[in-house]
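Below is one structure, written out as structure tokens, with a few remarks after it.
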Amino acid sequence: MPIDSSLPYDDQNIFARILRGEIPCNKVFEDEWSLAFHDIRPQAPVHVLVIPKGAYVGWDDFTNTANDAELAGFTRAVGLVARELGLSSGYRLMVNMGHDGHQEVPHLHVHIFGGRQFRLMIAD
Ligand code: AMP
Numbered sequence: 001m002p003i004d005s006s007l008p009y010d011d012q013n014i015f016a017r018i019l020r021g022e023i024p025c026n027k028v029f030e031d032e033w034s035l036a037f038h039d040i041r042p043q044a045p046v047h048v049l050v051i052p053k054g055a056y057v058g059w060d061d062f063t064n065t066a067n068d069a070e071l072a073g074f075t076r077a078v079g080l081v082a083r084e085l086g087l088s089s090g091y092r093l094m095v096n097m098g099h100d101g102h103q104e105v106p107h108l109h110v111h112i113f114g115g116r117q118f119r120l121m122i123a124d
């Protein structure tokens, strides 16, 4: 079910629990600002999620309230992870935001898809 992104941050969401080490993940990268791990239900040959360590529900509150260091650190991490995954022929980034974006986990995450060429645009 898509989330209601107007609700306050839920510190029991699955990615908050992964950040606290309460639930395992298949980690590919971690630094001061970000954690990246393989999606549990991959939808491409490479499907990795990058999440900020701060408590942000989605793209909206992150871009509205994160400080410049968090914004820069997280953005750089997404690029670094894609490079480290060897996606030199390209990749697709996706952020689902709120109900209409069909976001399901209420902690901001960027999907990195790679390992094949994708079609133009989006489909239902
Ligand atoms: P979204 O629809 O953008 O909120 O995507 C949530 C993503 O999180 C989906 O692709 C799920 O497969 C993925 N996911 C959910 N639980 C886990 C988990 N425990 N570890 C890794 N990925 C997960």
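In my numbering, the protein residues as written are 1 to 124. Beta carbons are placed, not taken as given, at the ideal position from N, Cα and C, and that holds for glycine. This one's a predicted model, so the numbers in the text were calculated from it and none came from an experiment.
Asked: Is the closest heavy atom of ligand 1 to the C-beta of Val28 under 7 Å?; Found: no
Asked: From the DSSP output, in three-state form, read off Ala123 for me.; Found: coil
Asked: In whole angstroms, give me the CA-to-CA distance for Ser5 and Gly101.; Found: 10 Å
Asked: Hey, Val78 and Asn13: beta-carbon distance below 8 Å or not?; Found: no
Asked: Can you name, in chain order, every residue of its own chain whose Cβ lies under 6 Å from the Cβ of Val57, other than the five neighbours on each side?; Found: Ser5, Tyr9 and Pro106
Asked: Can Ile40 be considered in contact with ligand 1, in the sense that its beta carbon sits closer than 7 Å to one or more heavy atoms?; Found: yes
Asked: Sorted by chain position, which residues of the same chain lie with C-beta nearer than 7 Å to Glu70's C-beta, five sequence neighbours on each side aside?; Found: Trp33, Pro52 and Gly54
Asked: Name the residue from Pro45, Phe29, Arg92 and Arg20 whose alpha carbon lies nearest to the alpha carbon of Gly73.; Found: Phe29
Asked: Take the Cβ of His109 as the centre, count every other Cβ of all protein chains shown within 10 Å, and call the residue buried at 16 or more, exposed below.; Found: buried
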